[in-house]
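Quick notes on the structure that follows.
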Amino acid sequence: MKFLVVGGAGYIGSHMVKHLLDANHQVVVADNFSTGHRAALLGGLLEELDIADAAALDALFAAHRFDAVFHFASFIQVGESVSEPAKYYANNFCATLTLLQAMVRAQIKHFIFSSTAAVYGDPVYVPIDEEHPKAAINPYGRSKWMVEQMLEDFDRAYGLKSVCLRYFNAAGADPEGLLGERHEPETHLIPLILQAAAGRRPAITVFGRDYDTPDGTCIRDYIHVADLVQAHALAVDYLLAGGESNAFNLGNGQGFSVQEVIDTACRVTGRAIAVNDAPRRAGDPPRLVADASRASTLLGWQPRFASIEQIVMHAWAWEQRYPWTDKLS
Ligand code: UFG
């Protein structure tokens, strides 16, 4: 099979590229390197382009006949999306529209979209299934939900079949140690804790200890990047076998508090980790846990690295290698 991976130089996209190459597929990566890393590309053919460029997409689709397109290229910082919403709607929504229009022109019928638990907003019940009300509370989540709705319309009108994968908290690193997470700036809990463990930061700051949870810190459903990638592979098989467009939650169905993750990191690293306390971060729901039974039933997906120890262990192995320093401040 021949696949296009948009955003293949990013955190999850690069793991997807590795998985597809390991399965002997032909892979073309489209990336504009606004946040991705060249060193994260372990193979495949690179097309350096911006998906907002319709002519570049038409040329790409004229040169290659893709069986499906994976779309990982979006901005992901919730706080930034509040202060710079135009950036989020321009890239996450408008550029995705341009990509989908080019796919329609080229008659490419299968699309795998990286969506997010942020489409649900503040949960009204937990665990969250796919039917939970969609009430995103920030432009990031709204931009993703707008794409999901657009995809329903594109299926009805143009027969473009899609799977939307709603990630909970993506974490961990390639179990073989070749790839991992490197955002600049880093805002995610696990890499920040591990940078503190490695001495690259003075401490980890806990945002709020007064939530209505057993230890007062926020609970999240951390899902290993290798398990996310496996779900994408199953999703494309599902579409290529004639499956209907659908959306799936991707999480372990198990929540861990911020304090529990810090405790796990202390055990895994064997290091003392300095902790500061700070007030709540705006927009953080107390508890986000997935009901991912639809992915299990319809895709046959079973996470292989479900333990928080394993997730932190792989992230720690990566953190200790500390490559790709080019983009770090
Ligand atoms: N946290 C801290 N200190 C930090 C960083 C995070 O206490 O320095 C806490 C947060 O307050 C939150 C938890 O750790 O309670 C996890 O925070 P992350 O920033 O790692 O992840 P989020 O749950 O905020 O966000 C993730 C994705 C978003 C996505 C969201 C959807 O990063 O892209 O899940 O649920 F929108």
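FYI, in this note's numbering the residues of the sequence shown are 14 to 342. The beta-carbon is built from N, C-alpha and C at its ideal position, and this holds for glycine as well.
Range covered by the alpha helix (DSSP H) that runs through residue i
| i | result |
| --- | --- |
| residue 203 | 202–210 |
| residue 30 | 24–35 |
| residue 60 | That residue, residue 60, is in no alpha helix (DSSP H); its beta strand (DSSP E) goes 58–61. |
| residue 100 | 98–101 |
| residue 220 | Note, residue 220: premise wrong, no alpha helix (DSSP H); beta strand (DSSP E) at 217–220. |
| residue 160 | 152–171 |
| residue 132 | Element bounds for residue 132: n/a, residue is neither H nor E. |
| residue 117 | 109–119 |
| residue 325 | 321–334 |
C-beta atoms of residue i and residue j nearer than 8 Å
| i | j | result |
| --- | --- | --- |
| residue 263 | residue 181 | yes |
| residue 322 | residue 260 | no |
| residue 205 | residue 251 | no |
| residue 168 | residue 258 | yes |
| residue 123 | residue 81 | yes |
| residue 288 | residue 266 | no |
| residue 69 | residue 62 | yes |
| residue 22 | residue 55 | no |
| residue 175 | residue 126 | yes |
| residue 95 | residue 202 | no |
| residue 2 | residue 139 | Residue 2 lies beyond the range of the chain shown here (14 to 342); nothing can be said about it. |
| residue 143 | residue 300 | no |
| residue 316 | residue 240 | yes |
| residue 27 | residue 192 | yes |
Assumed close pair residue i, residue j - CB separation to whole angstroms, cut-off 8 Å
| i | j | result |
| --- | --- | --- |
| residue 104 | residue 88 | 5 Å |
| residue 245 | residue 29 | 6 Å |
| residue 152 | residue 145 | Between residue 145 and residue 152 the Cβ distance is about 20 Å, and since that is not below 8 Å, they are no contact. |
| residue 232 | residue 268 | 4 Å |
| residue 57 | residue 34 | 6 Å |
| residue 111 | residue 65 | 6 Å |
| residue 286 | residue 210 | 5 Å |
| residue 293 | residue 221 | 4 Å |
| residue 85 | residue 25 | 6 Å |
| residue 328 | residue 207 | 6 Å |
| residue 99 | residue 178 | At roughly 26 Å, the Cβ-Cβ gap does not stay under 8 Å, so residue 99 and residue 178 are not in contact. |
| residue 10 | residue 40 | This structure cannot settle anything about residue 10, because the visible part of the chain is limited to 14 through 342. |
| residue 243 | residue 331 | Wrong, their Cβ atoms sit about 18 Å apart, outside the cutoff. |
| residue 270 | residue 228 | 5 Å |
Extent of the continuous beta strand (DSSP E) run through residue i
| i | result |
| --- | --- |
| residue 180 | 174–180 |
| residue 123 | 123–129 |
| residue 291 | 288–291 |
| residue 137 | No beta strand (DSSP E) contains residue 137, which DSSP labels as neither H nor E. |
| residue 19 | 15–19 |
Neighbour flag for residue i against chain D, beta carbons, 8 Å
| i | result |
| --- | --- |
| residue 237 | Absent from the structure is chain D; it holds one protein chain and no more. |
Cβ-heavy atom distance, residue i to ligand 2, below 7 Å
| i | result |
| --- | --- |
| residue 85 | Here the bound small molecules are ligand 1; ligand 2 is not part of this structure. |
Exercise for the section: At 3 residues or longer, and completely inside the region 236–275: list those beta strand (DSSP E) runs for me, N to C. Expected result: Correct list: 259–263.
Practice task
Report yes or no: do three or more beta-carbon pairs, one from the region 184–195 and one from the region 208–218, lie closer than 8 Å?
Solution key: Not touching, per the Cβ criterion.
Practice task
Would you check if there are 3 or more beta carbon pairs closer than 8 Å linking the region 149–157 to the region 128–139?
Solution key: Under the Cβ criterion (8 Å, minimum of three pairs), the region 149–157 counts as touching the region 128–139.
Exercise for the section: Just list the beta strand (DSSP E) runs in the region 43–88, keeping only unbroken ones of 3 residues or longer that don't cross its boundaries, in chain order. Expected result: Fully enclosed beta strand (DSSP E) runs of 3 or longer: 58–61, 81–84.
Problem - Cβ contact (3+ pairs, closer than 8 Å) linking the region 62–74 and the region 114–122 - result: Under the 8 Å Cβ criterion, the region 62–74 counts as touching the region 114–122, having at least three qualifying pairs.
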